[in-house]
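**Q**
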Amino acid sequence: MMIDFRSDTVTKPSPEMMEAMMNARVGDDVFGEDPSINELETLAANMFRMEAS
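Heads up, this note's numbering is the position in the sequence shown plus 1, with the first residue counted as 1.
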């Protein structure tokens, strides 16, 4: 196996990474539809005792 550290633009994802990408929960954060962003915003709001973040 050859590893190329020059840039992230030359690396290829492993089969495990491809599987993770294919199974990732995604959505449009602008419309409040990205579950990862929604979870992060809720976490930050709770952390700083704010209504929203």
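Backbone N, C-alpha and C fix where the C-beta goes; we use that ideal spot for every residue, glycine too. No experiment lies behind these values; they were computed from the predicted model shown.
Please work out which residues of its chain come closer than 6 Å, Cβ to Cβ, to residue 26, disregarding the five sequence neighbours upstream and downstream, and give them in chain order.
**A** Excluding positions up to five away in sequence, the list reads 36.
**Q** So for residue 52, helix, strand or coil by DSSP?
**A** Looking at residue 52 - three-state DSSP - the assignment turns out to be coil, as it is neither helix nor strand.
**Q** Please report how far the alpha carbon of residue 16 lies from the alpha carbon of residue 23, in whole angstroms.
**A** Going by the C-alpha atoms only, they are around 10 Å apart.
**Q** How many Å lie between residue 53 and residue 21 at the Cα?
**A** The alpha-carbon atoms of residue 53 and residue 21 are separated by roughly 29 Å.
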